[in-house]
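Written below as structure tokens is the structure these notes are about.
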Amino acid sequence: MVRVRFAPSPTGPLHIGGVRTALYNYLFAKKHEGKLILRIEDTDSQRFVPGAEEYIIDAFCWLNIPFDEGPHVGGTWGPYRQSERKIIYREYVDRLLEKGLAYIAFDTPEELETRRNAIPNFQYDASTRTMMTNSLTLSPQETADRINSGQQYVVRIKIEPNLPIIVNDRIRGEVIVNSSVIDDKVLYKSADQLPTYHLANIVDDHLMEITHVIRGEEWLPSAPLHVILYRYLGWEDTMPQFAHLPLLLKPEGNGKLSKRDGDRLGFPVFPLQWQDPETGELSLGYREKGYLPEAVVNFLALQGWNPGDDREIMSMDELISLFSLEKCSKSGAKFDYKKAIWFNHQYFQRKPDEEIAQLFIDNLCHPALETESPEHAILHTLADQARNDKPLHDKIVKIVRLVKERIHFIQELWDQTAFFFIAPETYDEKTVRKRWKEESPTQLAELIPVLESVSDFTAKPTEEAVMTWIESKGYPLGNIMNAFRLALVGESKGPHIFDITEIVGKEEVVRRIKNAIREIKIP
RNA sequence: GGCCCAUUCGUCUAUCGGUUAGGACGCAAGAUUUUCAUUCUUGAAAGAGCAGUUCGAUUCUGCUAUGGGCUACCA
């Protein structure tokens with residue numbers, strides 16, 4: 054039975070790289086009909102950020118990546134927050150201490166700092182531990198006295214030097230390091246009575262019967278330490294398999310992808326919006342920027358993995374059946390955010406008009422996007438009406454059908470369709486200069502009775518009537534149509550003109566023409 | 001500085017010793033759309049360098065270079 058986990062620490066909003074790691078864990082789990090576990094690694098009480106755990110859960114809910122076990126859904130391997138597992142770890146710390154595989158160290162952070170400054174490449178290990186203040190250099194009595202007197206200490210793992218440590222990685226193969234380069238890492242802090250990541254991670258993975266550890270490459274250097282811990286704890290035979298994923302890099306330049314890159318280049322790095330509790334700064338997420346969760350998932354799956362053929366658009370089910378760790382790439386991927394935009398466009402084309410219309414309506418008054426714009430009130434009213442007014446709702450679906458092929462984000466829908474709901478009040482200067490001729494007012498005035506005579510105002514008969522009139526008059530087609538569009542839309546954009554007239558309706562079309570004749574000045 | 005990982009078009013990537021090195025994003029040109037966008041077609045665009053193994057290397061090995069990660073009583 055495959056059991057994998059995603060183990061974030063609640064220190065802020067989930068980074069998009071973390072989302073990808075979780076996605077790969079999910080795909081792997083489902084591929085093998087296994088379980089995905091969410092474990093909150095909150096062993097650093099200093100860095101805890103309120104709201105971060107809820108954020109993580111909400112994000113995966115939006116992305117449609119469900120967990121089988123976790124603090125929010127329970128499970129028989131719980132609790133799933135490391136802070137609630139405090140008592141569990143102490144037992145294993147004691148076991149290591151008893152076996153002489155770990156020891157107690159009293160060196161203060163300040164003392165260690167001075168050592169590091171004094172000695173180049175200082176490392177707390179076999180070569181230096183005899184010079185430090187710990188249970189190996191102190192007598193058992195002295196050690197006990199210090200503890201009893203309340204002196205703070207840490208427990209360090211005792212790494213035996215000069216042994217080859219082999220990590221078998223599903224993505225990278227065999228990685229061998231000499232144990233001498235691993236330091237005597239802190240496993241436990243008496244100050245808060247919590248283990249550090251390394252110990253908690255191994256104990257929990259073991260107790261939760263995790264079979265595969267799929268995580269970011271930043272963990273590769275500590276993997277040998279983890280192997281040693283499994284060995285020391287006597288769990289080497291059930292040690293999970295490792296798979297270290299390549300990192301997501303900055304789109305341009307060097308380094309790891311950061312929030313600043315997103316701000317600079319205009320793409321989100323968080324799945325959902327996040328308000329920093331300290332600074333109050335608000336960052337919009339993929340959801341607020343108008344991305345579809347399916348598109349985000351599909352795009353992310355391809356940053357560091359591929360199905361082995363040319364397939365690009367894949368549903369979650371397809372991703373699950375095609376996924377394999379062996380097809381994961383080894384090198385870091387520069388984040389291709391422009392491709393994310395393309396994926397979003399693709400998913401809009403595949404989404405039913407009804408669903409897009411609903412998203413559109415909901416998005417009209419999205420709190421995250423509220424501004425002081427004068428259109429704001431109109432949007433709210435429109436959204437409210439559309440929820441109850443069936444004909445209006447149907448009209449929106451129709452409009453969506455007309456314009457969806459041109460949108461990449463849900464927000465663009467309003468820009469592309471506002472003229473269906475609101476008559477133009479101003480006319481785009483450039484378009485006026487280019488399309489509004491001297492004869493346009495008189496020609497459009499003549500068009501009004503033609504339109505009024507059309508009994509069935511749907512696109513086709515209207516178009517026929519207008520075309521017949523233009524032909525009989527011998528007017529240049531382009532002049533009429535472009536001026537007509539300017540009058541209807543206010544600028545040079547939008548779908549087929551008679552699709553617009555059908556939806557806007559005869560009365561309003563005529564009104565807009567009259568208005569244009571009155572308002573537009575010949576340049 | 002030390003340790004580890006990586007290296008194919010600008011970007012994401014395919015190739016599991018023999019290919020005209022394929023696809024996609026982006027870019028450019030043309031076509032379509034009497035608007036804008038979309039769409040379609042076409043195009044430019046790559047094996048980091050140097051040795052070796054081999055009949056033959058993008059593919060295997062080594063070195064160099066470059067990039068990345070780690071090097072905390074953070075995860």
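Note that my numbering has the first sequence beginning at 54, numbered continuously upward. Beta carbons: idealized from backbone N, C-alpha and C, even for Gly.
Any contact of the stretch 298-311 with the stretch 379-389, i.e. 3+ C-beta pairs under 8 angstroms?
yes
Do TYR177 and ILE118 have their C-beta atoms within less than 7 angstroms of each other?
no
Going by DSSP, which residues form a beta bridge with CYS381?
TRP358
For PHE295, which of helix, strand or coil comes out of DSSP?
strand
Member of LEU67, PRO193, CYS114, LEU89 whose CA lies at the smallest distance from the CA of VAL55:
LEU89
Three-state secondary structure assigned by DSSP to HIS9
The first residue shown for the chain is 54 and the last is 576, placing residue 9 beyond what the model contains.
Cβ-based burial, ALA197 [other Cβ within 10 Å; buried from 16]:
exposed
Can you tell which of THR181, SER377, LYS242 has the C-alpha that lies nearest to the C-alpha of ARG235?
One detail in the question is off: residue 235 reads as Ile in this sequence, not Arg. The shortest Cα separation from ILE235 among THR181, SER377, LYS242 belongs to THR181.
Is it the case that the Cβ atoms of ALA253 and GLN135 are separated by a distance below 7 angstroms?
yes
Could you name each continuous alpha helix (DSSP H) segment of 4 residues or more that falls completely within the stretch 327-358, going from the start of the chain to the end?
346-354
How big is the Cα-Cα spacing for GLY306 and ASP111?
32 angstroms
Report the rounded CA-to-CA distance for GLN496 versus GLN356, giving the unit in angstroms.
56 angstroms
Taking Cβ to Cβ, would you say LEU378 is nearer than 7 angstroms to ILE219?
no
For my contact list, THR96 and LEU247 are in at a C-beta cut-off of 8 angstroms; report their separation, rounded to the angstrom.
5 angstroms
Local conformation of LEU265 per DSSP, three classes
Just to set this straight, residue 265 is His in the shown sequence, not Leu. Looking at HIS265 - three-state DSSP - the assignment turns out to be strand.
With the cut-off set at 7 angstroms, would you say GLY333 and LEU325 are in Cβ contact?
no
Could you pull out every residue in the same chain whose Cβ sits closer than 7 angstroms to the Cβ of ARG459, ignoring the five residues on either side in sequence?
GLN469
Check the C-beta distance from TYR133 over to ILE93 and give it rounded, since I have them as a contact under 8 angstroms.
6 angstroms
Do ILE255 and PRO293 have their beta-carbon atoms positioned less than 7 angstroms apart in this structure?
no
Less than 8 angstroms between C-beta atoms, sequence neighbours within five positions excluded: which residues of the same chain meet that for ASN215?
ASN231, SER232, SER233
Inter-residue Cα distance where the pair is ILE566 and TRP115:
45 angstroms
Close beta carbons around LYS559, own chain, < 6 angstroms, minus the five adjacent residues each side:
PHE510
Could you pull the DSSP bridge partners for LEU260 from this structure?
BP columns for LEU260 are empty, so no partner.
Rounding to the nearest angstrom, what Cα-Cα distance links ASP314 and TRP395 in this structure?
19 angstroms
Candidates GLN328, ALA476, THR521: which alpha carbon is nearest GLU544's?
ALA476
Grab me the residues of ALA421's own chain with a C-beta within less than 7 angstroms of its C-beta, minus the 5 sequence neighbours each way, in chain order.
Bear in mind that a pLDDT of 46 at ALA421, under 50, signals an unreliable position, so the number given afterwards is only what the model happens to contain. Contacts found: GLN326, LEU337, GLU341.
Spatial neighbours of ALA179 within its chain, please: C-beta separation below 6 angstroms, excluding the five flanking residues on both sides.
PRO214
Span of the alpha helix (DSSP H), counted from its first residue to its last, around LYS448:
443-456
Mapping DSSP to helix, strand and coil, what is TYR241?
strand
Per-residue DSSP class, three states only, for ASN221:
strand
Close beta carbons around VAL126, own chain, < 7 angstroms, minus the five adjacent residues each side:
PHE120
Between GLU271 and the rest of its own chain, which residues show a CB-CB distance below 8 angstroms, the 5 nearest in sequence each way excluded?
LEU300
How about ARG209 and VAL239: do their beta carbons lie closer than 7 angstroms?
yes
In whole angstroms, give me the CA-to-CA distance for ASN170 and GLU163.
11 angstroms
Under the criterion of a Cβ to heavy atom distance below 6 angstroms, does ILE141 qualify as lining the ligand MG?
The ligand MG is not among the ligands present in this structure, which contains no ligands whatsoever.
If you drop the 5 nearest sequence neighbours on each side, which residues of the same chain put their C-beta closer than 6 angstroms to that of PHE462?
GLY343
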